[in-house]
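Asks: Taken in sequence, the protein lines are chains A and B.
Using our numbering, you'd call the opening residue of the first sequence number 392 and step up by one each time.
Using our numbering, you'd call the opening residue of the second sequence number 253 and step up by one each time.
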Amino acid sequence: MGKWAIALHGGAGLDPHLPLHRQEEAKNLLAHCLNLGISALRSNLSALDVVELVVRELETDPLFNSGRGAVLTEKGTVEMEASIMDGPKRRFGAVSGLSTVKNPVSLARLVMDKSPHSYLAFSGAEEFAQQQGVEMMEKEYFITQDNVGMLKQAKEAKAILFDYRIPTTGLDSCGAEAENENPMMMNGVPLSVYAAE
Amino acid sequence: TVGCVVVDIEGRCAAATSTGGLINKMVGRIGDSPIIGSGTYACKLCAISCTGEGESILRGTLARDVAAVMEYKGLKLQEAVDFVIKERLDDGGKAGLIAVSNLGEVAFGFNTNGMFRATATQDGFMEIAVWE
Numbered sequence: 392m393g394k395w396a397i398a399l400h401g402g403a404g405l406d407p408h409l410p411l412h413r414q415e416e417a418k419n420l421l422a423h424c425l426n427l428g429i430s431a432l433r434s435n436l437s438a439l440d441v442v443e444l445v446v447r448e449l450e451t452d453p454l455f456n457s458g459r460g461a462v463l464t465e466k467g468t469v470e471m472e473a474s475i476m477d478g479p480k481r482r483f484g485a486v487s488g489l490s491t492v493k494n495p496v497s498l499a500r501l502v503m504d505k506s507p508h509s510y511l512a513f514s515g516a517e518e519f520a521q522q523q524g525v526e527m528m529e530k531e532y533f534i535t536q537d538n539v540g541m542l543k544q545a546k547e548a549k550a551i552l553f554d555y556r557i558p559t560t561g562l563d564s565c566g567a568e569a570e571n572e573n574p575m576m577m578n579g580v581p582l583s584v585y586a587a588e
Numbered sequence: 253t254v255g256c257v258v259v260d261i262e263g264r265c266a267a268a269t270s271t272g273g274l275i276n277k278m279v280g281r282i283g284d285s286p287i288i289g290s291g292t293y294a295c296k297l298c299a300i301s302c303t304g305e306g307e308s309i310l311r312g313t314l315a316r317d318v319a320a321v322m323e324y325k326g327l328k329l330q331e332a333v334d335f336v337i338k339e340r341l342d343d344g345g346k347a348g349l350i351a352v353s354n355l356g357e358v359a360f361g362f363n364t365n366g367m368f369r370a371t372a373t374q375d376g377f378m379e380i381a382v383w384e
């Protein structure tokens, strides 16, 4: 009999001036999801079921860039993607271009388990979601004020940014405070315009 | 981007990653998260989930490379993660990843200035962190 282990992440690349309350918010969500995964492992759920369970929880909370809280395309739309992989048999399922499926990772699991393929995208993936009866939401569900602000600032910065929250002007002291220092650059814009993902 | 990697008491590994991608991305852009071997990978040996600049992770086939250097170079999990983050990301590529092995080990690595992460093992180790 082996030993279980679990790891989860909420995105890489953070603004060094990240306000403490946002760090705490993120840590609390990570702790909640970690404990969810640990109790599932102690109840002998399989690794595959546990990774799906934990990522669903992370998708449902708007704090990180996935599911509800996914960042926006240049057109202000949401295009989510996800994948899941089962190590022993090296089976996998993946989806891209989703805009109404509440939990993309669960649709990826269904692609793996219930379709003859491994990867479905855009309208085909949405059609498969309807057939499988997964929970689907209005597009507005995924779009948060934070993301609208981030997109606006990314456009002003003429940049494409990864996994960062850009504080809406005046919202975070980090923006103002950081502006006085000579900014490190990331993705072509001063790091100071970012706030953590 | 969010991700989770797990090994259960039967030694089975699994990985999952989910994302909205890049802010202000072009419509139709596909990142690393759904691409097996780049943003997500699991085999008998280990499971990996990546986050960061998708195009760099895709070019570096980051997730599969962790498994490959364990398999072919005999590196241990954390050594494999450190090697891949250091050697497989092209100039300026920024990424982070989490990994578990079928021996019940956890590891992570990143060359950004932080990564939201949480790790735990059956031995009682637990860490929730943001920075280095």
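Glycine residues also receive a C-beta, built at the ideal position from the N, C-alpha and C atoms.
Computed from a predicted structure; not experimentally measured.
Below 8 Å on C-beta distance, what does residue 446/A contact in chain B?
Replies: By one-based count along the first sequence, residue 446/A stands at place 55. Simply 254, 255, 256, 268, 269, 270.
Asks: Taking just the CA atoms, how far does residue 422/A sit from residue 475/A?
Replies: To locate residue 475/A, count along the first sequence from 1; it is residue 84. To locate residue 422/A, count along the first sequence from 1; it is residue 31. The alpha-carbon atoms of residue 475/A and residue 422/A are separated by roughly 22 Å.
Asks: Strictly by DSSP, which residues pair up with residue 510/A?
Replies: Translated into the one-based positions of the first sequence, residue 510/A becomes position 119. Answer is 485/A, bridged to residue 510/A.
Asks: May I have a chain-ordered list of the alpha helix (DSSP H) segments no shorter than 4 residues that lie completely inside the segment 257-287 of chain B?
Replies: If we require 4 residues or more, the segment 257-287 of chain B turns out to have no alpha helix (DSSP H) run fully inside it.
Asks: Using the beta-carbon of each residue, which ones in chain A are nearer than 8 Å to residue 324/B?
Replies: Taking the first residue of the second sequence as position 1, residue 324/B is located at position 72. Chain A residues near residue 324/B: none, gap ~17 Å exceeds 8 Å.
Asks: Do you know offhand how far residue 357/B's Cα is from residue 457/A's?
Replies: Here residue 357/B is taken as the residue at index 105 of the second sequence, counted from 1. Here residue 457/A is taken as the residue at index 66 of the first sequence, counted from 1. Spanning the two alpha carbons is a distance of roughly 26 Å.
Asks: Whole angstroms are fine: how far does the CA of residue 261/B sit from the CA of residue 393/A?
Replies: To locate residue 393/A, count along the first sequence from 1; it is residue 2. To locate residue 261/B, count along the second sequence from 1; it is residue 9. Roughly 5 Å separates the two Cα atoms.
Asks: Any beta carbon from chain A within less than 7 Å of residue 380/B's own beta carbon?
Replies: To locate residue 380/B, count along the second sequence from 1; it is residue 128. With 7 Å as the cut-off, residue 380/B counts as an interface residue toward chain A.
Asks: For residue 471/A, which residues of its own chain have a beta-carbon under 6 Å away from its beta-carbon, when the five flanking residues on both sides are left out?
Replies: Along the first sequence, read from residue 1 onward, the residue named residue 471/A stands at position 80. Excluding residues within five positions, the ones whose Cβ falls inside 6 Å are 461, 489, 495.
Asks: What does DSSP give as the partner residue(s) for residue 379/B in the beta ladder?
Replies: Position 127 of the second sequence, counted from the first residue, corresponds to residue 379/B. BP columns for residue 379/B point to 371/B.
Asks: In the DSSP assignment, what residue or residues form a beta bridge with residue 350/B?
Replies: Along the second sequence, one-based indexing puts residue 350/B at 98. BP columns for residue 350/B point to 301/B, 360/B.
Asks: Measuring only the C-alpha atoms, how far is residue 397/A from residue 257/B?
Replies: Here residue 397/A refers to the residue found at position 6 of the first sequence. Here residue 257/B refers to the residue found at position 5 of the second sequence. Their backbone Cα atoms lie some 6 Å apart in a straight line.
Asks: With three or more beta-carbon pairs closer than 8 Å as the criterion, would you say the segment 307-319 of chain B touches the segment 275-293 of chain B?
Replies: The answer is yes - the segment 275-293 of chain B touches the segment 307-319 of chain B, with three or more Cβ pairs under 8 Å.
Asks: So who's on the other strand from residue 293/B, going by DSSP bridges?
Replies: Within the second sequence, residue 293/B is the residue found at index 41, counting from 1. Paired residues: 300/B.
Asks: Count the other C-beta atoms from every protein chain shown that fall within 10 angstroms of the C-beta of residue 383/B, then say buried if there are 16 or more, exposed otherwise.
Replies: Here the question's residue 383/B lines up with position 131 in the second sequence. Exposed: under 16 other Cβ atoms inside 10 Å.
Asks: Under 8 Å: do the segment 319-331 of chain B and the segment 364-384 of chain B share three or more Cβ pairs, one atom per stretch?
Replies: Cβ pair count under 8 Å is below three, so no.
Asks: If you measure from the beta carbon of residue 407/A to each beta carbon in chain B, is any gap under 7 Å?
Replies: Taking the first residue of the first sequence as position 1, residue 407/A is located at position 16. So yes, residue 407/A belongs to the interface.
Asks: Is residue 451/A helix, strand or coil when you go by DSSP?
Replies: In the first sequence, residue 451/A corresponds to position 60, counting from 1. Reduced to three states, the DSSP call for residue 451/A is helix.
Asks: Counting only the same chain and skipping the five closest in sequence on each side, list residues whose C-beta sits under 6 Å from that of residue 321/B.
Replies: As a first step, residue 321/B must be located in the second sequence, where it is residue number 69. Contacts found: 327, 332, 335.
Asks: Are the Cβ atoms of residue 370/B and residue 439/A separated by less than 7 Å?
Replies: In the second sequence, the residue the question calls residue 370/B occupies position 118. In the first sequence, the residue the question calls residue 439/A occupies position 48. No; because the gap between Cβ atoms is not below 7 Å, this pair is not in contact.
Asks: Once you ignore the five residues that flank residue 368/B on each side, which residues in its own chain have a CB closer than 7 Å to its CB?
Replies: To locate residue 368/B, count along the second sequence from 1; it is residue 116. Excluding positions up to five away in sequence, the list reads 382.
Asks: I want to see whether chain B comes within less than 7 Å of residue 562/A, judged by CB atoms only; does it?
Replies: The count along the first sequence starts at 1 and reaches residue 562/A at position 171. Note that residue 562/A scores a pLDDT of 32, beneath 50, so its modelled location is shaky; the value from the coordinates is reported in the next line. Chain B contact via Cβ: absent.
Asks: Name the chain B residues that come within less than 9 Å of residue 468/A, Cβ to Cβ?
Replies: Walking along the first sequence from the start, residue 468/A turns up at place 77. 279, listed in chain order.
Asks: Please report the distance separating the alpha-carbon of residue 374/B from that of residue 441/A.
Replies: As a first step, residue 374/B must be located in the second sequence, where it is residue number 122. As a first step, residue 441/A must be located in the first sequence, where it is residue number 50. Taking the straight line from one Cα to the other gives about 15 Å.
Asks: Taking only beta-carbon positions, decide if residue 476/A is within less than 7 Å of chain B.
Replies: Here residue 476/A refers to the residue found at position 85 of the first sequence. Yes - at least one Cβ of chain B is within 7 Å of the one on residue 476/A.
Asks: Once you ignore the five residues that flank residue 521/A on each side, which residues in its own chain have a CB closer than 8 Å to its CB?
Replies: Your numbering for residue 521/A matches position 130 in the first sequence. Closer than 8 Å at the Cβ level, and outside the excluded window around residue 521/A, lie 527.
Asks: Spell out whether any CB of chain B is found under 7 Å from the CB atom of residue 425/A.
Replies: The residue labelled residue 425/A in the question sits at position 34 within the first sequence. Interface residue, yes.
Asks: Cβ of residue 533/A within 7 Å of Cβ of residue 447/A?
Replies: For this step, residue 533/A is matched to residue 142 along the first sequence. For this step, residue 447/A is matched to residue 56 along the first sequence. Their beta carbons are not under 7 Å apart, which means residue 533/A does not touch residue 447/A by this criterion.
Asks: Quick one: which residues of the segment 320-351 of chain B get their C-beta closer than 9 Å to a C-beta of chain C? List them in chain order.
Replies: No chain C appears in the structure shown, which is made up of the protein chains A and B.
Asks: Just the Cα atoms here: how many angstroms apart are residue 477/A and residue 538/A?
Replies: Locating residue 477/A in the first sequence gives position 86, counting from the first residue. Locating residue 538/A in the first sequence gives position 147, counting from the first residue. Approximately 32 Å between the Cα atoms of the pair.
Asks: For residue 451/A, which residues of its own chain have a beta-carbon under 8 Å away from its beta-carbon, when the five flanking residues on both sides are left out?
Replies: As a position in the first sequence, residue 451/A is number 60, starting the count at 1. 458, 459, 493, 494.
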